[in-house]
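Chemist: Let me begin by handing over the structure; questions about it come next.
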Amino acid sequence: MHLLILFLGYLFGSFPSGYLAGKIVRGVDIRSLGSGSTGATNVLRHIGKRAAIFVFLIDVLKGILSILLAKYLLLNDSWQLAVGISTLIGHIWPVWLNWKGGKAVATGLGIFLGLSWQVGLATLGVFLLIIFLFKIVSLASISASLSLPLIMLLSFKDSNFSYPYFLISLLAMSLVIWRHRENIMRIINGKEPKIGES
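Per our numbering, the very first residue in the sequence shown carries number 27; after that it's consecutive.
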């Protein structure tokens with residue numbers, strides 16, 4: 027049963043929302059455009075705002091559903107961690123798209139909204155603040171991921187500290203940073219496009 031839930035988490039994560047948006051709206055493979063990511067940011071730049079909003083919401087929902095399923099089945103924190111990781115893996119490396127998916131930001135947000143809505147909303151707040159100040163999505167994603175372990179740590183009380191929850195916050199941060207390594211170099215070099223730029 028536990029392995030089945032891990033498999034379902036992977037399936038949730040691997041649902042190709044960005045790819046489908048590109049095919050349905052423009053008849054293109056989003057992986058051949060821009061960064062090659064199937065995430066909402068690349069969809070925004072090359073497909074359109076409405077499609078990007080759809081992709082973002084679906085990708086967030088994938089993360090929420092996987093964790094809520096684990097909680098509904100009364101899986102402990104360690105198994106919730108495993109389900110969350112399997113969902114992130116499915117999103118980043120979907121079997122249907124030759125292992126080329128998104129950058130884990132929206133689905134990661136969904137996972138943390140499922141684990142702790144307070145942590146999820148606080149991390150989203152960091153993301154929105156950086157977007158407002160700098161208009162650079164990748165910088166906002168990186169900043170939110172860096173803040174995530176601290177926000178998770180601050181959310182614990184002495185009696186409810188969860189090593190698995192803290193560990194997944196570190197793993198999610200590492201995955202997002204790694205997936206944005208090219209963006210980081212462009213930010214350093216002042217070449218990362220802002221919202222509205224191609």
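The beta carbon of each residue, even a glycine, is placed where N, CA and C say it ideally should be.
Under the three-state reduction of DSSP, which class applies to Ser-40: helix, strand or coil?
Modeler: Of the three classes helix, strand and coil, the one that applies to Ser-40 here is helix, per DSSP.
Chemist: Measuring only the C-alpha atoms, how far is Pro-42 from Val-81?
Modeler: Rounded to whole angstroms, Pro-42 to Val-81 spans 9 angstroms at the Cα level.
Chemist: Please determine, among Lys-161, Val-51, Leu-197, Val-145, the residue with the shortest C-alpha to C-alpha distance to Ser-181.
Modeler: Nearest option by C-alpha distance: Val-145.
Chemist: Please state if the CB of Ala-66 and the CB of Gly-35 are separated by a distance shorter than 8 angstroms.
Modeler: No; because the gap between Cβ atoms is not below 8 angstroms, this pair is not in contact.
Chemist: How many angstroms separate the CA atom of Leu-14 from the CA atom of Leu-29?
Modeler: The structure shown does not extend to residue 14, since the chain spans only 27 to 224, so no value can be given for it.
Chemist: Please report the straight-line C-alpha distance between Leu-135 and Thr-149, rounded to a whole angstrom.
Modeler: Distance between the alpha carbons of Leu-135 and Thr-149: 8 angstroms.
Chemist: Within 10 angstroms of its Cβ, does Lys-220 collect 16 or more other Cβ (buried), or is it exposed?
Modeler: The residue in question, Lys-220, is exposed, as its Cβ has fewer than 16 Cβ neighbours within 10 Å.
Chemist: Give me, in chain order, the residues of the same chain whose beta-carbon lies closer than 7 angstroms to that of Val-121; leave out the 5 immediate sequence neighbours on both sides.
Modeler: Hits under 7 angstroms: Ser-40.
Chemist: Quick check: the Cα distance between Ser-61 and Ala-96, rounded to an integer number of angstroms?
Modeler: Whole-angstrom Cα-Cα distance: 33 angstroms.
Chemist: Does the beta-carbon of Ala-170, which I'm using as the reference point, lie nearer than 7 angstroms to any heavy atom of the ligand ZN?
Modeler: You won't find the ligand ZN in this model; it holds no ligand whatsoever.
Chemist: Cα-Cα, which of His-117, Leu-174, Val-163, Phe-160 is closest to Leu-139?
Modeler: Per the Cα distances, Leu-174.
Chemist: Taking the alpha helix (DSSP H) that Glu-208 falls in, what are its first and last residues?
Modeler: Taken as a continuous stretch (DSSP letters only), the alpha helix (DSSP H) holding Glu-208 covers 207-214.
Chemist: Let me know the secondary structure DSSP gives Thr-67 once reduced to three states.
Modeler: It is helical.
Chemist: Would you grab the beta carbon distance between Thr-133 and Asp-85 for me? Rounded to a whole angstrom, and I think it's under 8 angstroms.
Modeler: Contact holds; Cβ gap of about 5 angstroms.
Chemist: Report the residue from Ile-90, Gly-128, Ala-170 whose alpha carbon sits nearest the alpha carbon of Ile-56.
Modeler: Closest by alpha carbon: Gly-128.
Chemist: Name the residue from Ala-77, Gly-48, Ile-31 whose alpha carbon lies nearest to the alpha carbon of Gly-272.
Modeler: As displayed, the chain neither begins before 27 nor continues past 224, which places residue 272 out of reach and without an answer.
Chemist: Please name the residue, chosen from Ala-166, Tyr-98, Leu-159, Ile-210, that lies closest to Leu-141 on a Cα-to-Cα basis.
Modeler: Checked all of Ala-166, Tyr-98, Leu-159, Ile-210; the closest Cα to Leu-141 is Tyr-98.
Chemist: Of the choices Phe-33, Met-27, Phe-38, whose alpha-carbon is the least far from that of Ile-137?
Modeler: The option with the nearest alpha carbon to Ile-137 is Phe-38.
Chemist: According to DSSP, is Trp-125 helix, strand or coil?
Modeler: Residue state, collapsed to three classes: coil.
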